[in-house]
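See below for the structure under consideration.
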Amino acid sequence: AARGYHEKVISHYEKPRNVGSLPKNDHDVGTGLVGAPACGDVMKLQIRVDDDGIISDVKFKTFGCGSAIAASSYMTERVMGLSLDDAGKIKNTEIAKELCLPPVKLHCSMLAEDAIRSAIRDYRSKRAKLADGKAKTTQAGFIDVSQNSPTGETNATH
Ligand code: FES
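With the first letter of the sequence shown counted as 1, position 42 gets the number 68 in UniProt numbering; the numbers rise by one all the way through.
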């Protein structure tokens with residue numbers, strides 16, 4: 027079993043999973059783009075979220091060291107099928123442990139934690155803007171209706 031585990035870890039380095047991009051402007055896609063100040067490496071991680079708030083697709087592109095690539099590959103598999111809340115709780119220490127990263131490589135796994143959080147934030151702010159747009163439309167309709175109501179007159183007679 028230990029051997030199988032080791033091979034799984036190695037394969038994240040040699041054959042990263044879910045490399046690529048999702049269409050950034052889709053309303054159900056959140057994009058996280060983060061950099062590591064320590065080394066200048068950059069990671070882009072994107073999530074697609076279904077109507078139930080579950081992550082249904084994940085893609086990443088990492089311009090950085092092998093550990094950062096392995097960390098983002100691991101992260102994509104880890105968050106697939108999770109709710110946004112659960113995905114946002116994943117800690118870099120878990121990734122570092124799973125991938126056996128040495129202490130000097132901790133910031134590489136931190137990049138993956140930052141990236142998923144940033145993607146979730148982006149998705150949520152997109153949704154908030156969308157909901158805001160809908161709310162304004164509804165409100166406009168509501169105002170139209172209330173203008174036709176006799177509320178003002180009723181108040182005046184009291
Ligand atoms: Fe910078 Fe790994 S050395 S992300």
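All C-beta atoms, glycine included, are put in the ideal place defined by N, C-alpha and C.
Relative to A97, the option among D54, G79 and K131 whose CA is nearest is K131.
Restricting attention to G79, S109, M136 and K152, the CA atom closest to the CA of P63 is found in M136.
Residues Q72, K85 and K87 of the same chain have their beta carbon placed closer than 7 Å to that of S47, with the five preceding and five following residues left out of the count. By the C-beta density criterion, G159 is exposed, having fewer than 16 other C-beta atoms within 10 angstroms. If you look at I80, you'll find it isn't in any beta strand (DSSP E); DSSP assigns it neither H nor E.
As computed with DSSP, T88 is found in a beta bridge with M69. Note that the C-beta distance between M101 and I121 is below 8 Å.
Environment of the ligand FES, chain-ordered: A62, A64, C65, D67, G90, C91, S93, A94, K131, H133, C134 and L137, taking every residue with Cβ within less than 7 Å of a heavy atom.
If you check the CB distance, S144 and G66 do not come in under 8 Å.
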